[in-house]
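J.:
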Amino acid sequence: MALARTEKLPVQTSEDIVKVRQAVRSWAVELGFNLVDQTKIVTAASELARNTVIYGGGGTVELESLLDPKRRGLRLTFADQGAGIANTEQALKDGFTTGNGLGLGLGGAKRLSNEFEIHSQPGAGTTVRITRWT
Amino acid sequence: MERIPILKMGPVLLVSIQVDMHDQLALTLQDDLTDRIVKTHARGVLIDISSLEVVDSFIGRMLGNIAAMSRVLDAETVVVGMRPAVAITLVELGMSLSGVRTALNVERAMEMLQVANADGAATAGEGLDGAGAH
């Protein structure tokens with residue numbers, strides 16, 4: 001699997017969340033995602049970017065395009081150095097939140113992606129990686 | 135400060151969201167609309183989201199909040215023009231916008247609001263807003 005291109009963006013503010021959405025949209029279009037798949041990955045990115053800002057105290061996102069012989073993919077890795085999540089299984093449940101959101105972000109982002117990974121430890125930050133294929 | 139414009143047409147407030155809103159802008163719109171409903175004695179709120187390419191849980195929550203707040207203030211909210219890809223994504227995200235009335239186009243939404251107002255069709259003007267305004 002060839003790794004075609006990567007780009008790293010800051011995810012610190014509410015304006016950065018908008019910029020992440022726009023960057024992910026333009027990559028998804030370039031990779032040939034159909035409209036529904038574009039919308040899904042952009043929405044998932046928006047949820048994760050907001051988590052990075054609100055719960056992670058800011059961080060970064062890395063965009064990678066994946067070129068398979070048969071398909072193309074877009075992988076997004078959100079990383080922060082925030083408080084971390086003690087129980088990631090619980091955090092993935094719809095309705096669970098430690099803030100004042102709806103608790104749909106993490107579980108929703110997982111449902112909107114083809115692959116989902118989360119690594120987190122209290123005090124050591126959180127990394128969430130999602131991939132969506134064409 | 136950046137704001138989404140709110141237009142008044144008879145007893146109905148019209149909002150057309152034409153930009154990719156950052157979170158603060160969405161919260162400002164929520165506050166501005168509640169304020170304008172009270173000041174203008176509006177009976178209906180029509181929110182056009184046909185330009186929105188993404189509705190994530192934050193914007194979804196804002197729409198739900200506006201619908202609930204306007205209902206408490208005796209005004210009905212109708213959300214118009216959701217794109218099909220957005221609808222598919224929202225449901226997969228886990229949001230069904232259960233408290234929000236929707237219409238496919240502005241004409242249908244105006245009909246819904248007129249039916250809702252058929253019994254008490256008072257057209258309150260801007261001149262009545264002296265008390266309670268701040």
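Chains as they are written, first to last, in the working numbering: chain A, 1 to 134; chain B, 135 to 268. C-beta atoms are modelled at their ideal positions from N, C-alpha and C, and glycine is treated no differently.
Spell out whether any CB of chain B is found under 9 Å from the CB atom of A:Gln-90.
T.: A:Gln-90 does not count as touching chain B.
J.: Quick one: which chain B residues come within Cβ less than 9 Å of A:Arg-111?
T.: Near A:Arg-111 (Cβ distances below 9 Å), the residues of chain B are Glu-226, Leu-227 and Gly-228.
J.: Exposed or buried, A:Thr-52, counting other C-beta atoms within 10 Å across all chains shown (16 or more means buried)?
T.: Buried is the call here.
J.: On the DSSP bridge assignment, give the partners of A:Trp-27 in chain order.
T.: Note: A:Trp-27 sits in no beta bridge, so no partner.
J.: Can you give me the Cβ contacts of A:His-119 inside the same chain, cut-off strictly under 6 Å, excluding the 5 residues immediately before and after it?
T.: For A:His-119, where only same-chain residues beyond five positions count, the Cβ hits under 6 Å are Thr-127.
J.: Taking all protein chains shown into account, do 16 or more other C-beta atoms lie within 10 angstroms of the C-beta of B:Leu-147, making it buried, or fewer, making it exposed?
T.: Buried, because 16 or more other Cβ atoms sit within 10 Å of the Cβ of B:Leu-147.
J.: Going by DSSP in three states, A:Gly-108 sits in which element: helix, strand or coil?
T.: A:Gly-108 falls in the helix class under three-state DSSP.
J.: Taking just the CA atoms, how far does B:Glu-187 sit from A:Thr-43?
T.: Cα to Cα, the separation comes out at about 9 Å.
J.: So which residues of chain A does B:Arg-195 contact, with C-beta pairs closer than 8 Å?
T.: Chain A residues near B:Arg-195: Gly-101 and Leu-102.
J.: What's the C-alpha gap between A:Gly-101 and B:Thr-162?
T.: Whole-angstrom Cα-Cα distance: 17 Å.
J.: Let me make sure I understand the geometry here. Which of B:Gly-144, B:Ala-160 and B:Leu-167 has the alpha-carbon closest to that of B:Arg-195?
T.: Closest by alpha carbon: B:Ala-160.
J.: Rounded to whole angstroms, what is the Cα-Cα separation between A:Pro-10 and A:Val-61?
T.: The alpha-carbon atoms of A:Pro-10 and A:Val-61 are separated by roughly 6 Å.
J.: Do you know how far the Cα of B:Val-220 is from the Cα of B:Asp-154?
T.: Between B:Asp-154 and B:Val-220, the C-alpha separation is close to 14 Å.
J.: Answer yes or no: does any C-beta atom of chain B fall closer than 9 Å to that of A:Arg-72?
T.: No, A:Arg-72 lies away from the interface with chain B (no Cβ there is under 9 Å from its Cβ).
J.: Taking the straight line between their C-alpha atoms, what separation do you get for A:Thr-13 and A:Gly-84?
T.: Their backbone Cα atoms lie some 19 Å apart in a straight line.
J.: At the level of alpha carbons, what is the spacing between B:Ala-202 and B:Ile-193?
T.: About 14 Å.
J.: Could you tell me the distance, in whole angstroms, from the CA atom of A:Gly-59 to the CA atom of B:Pro-145?
T.: So the two alpha carbons sit approximately 45 Å from each other.
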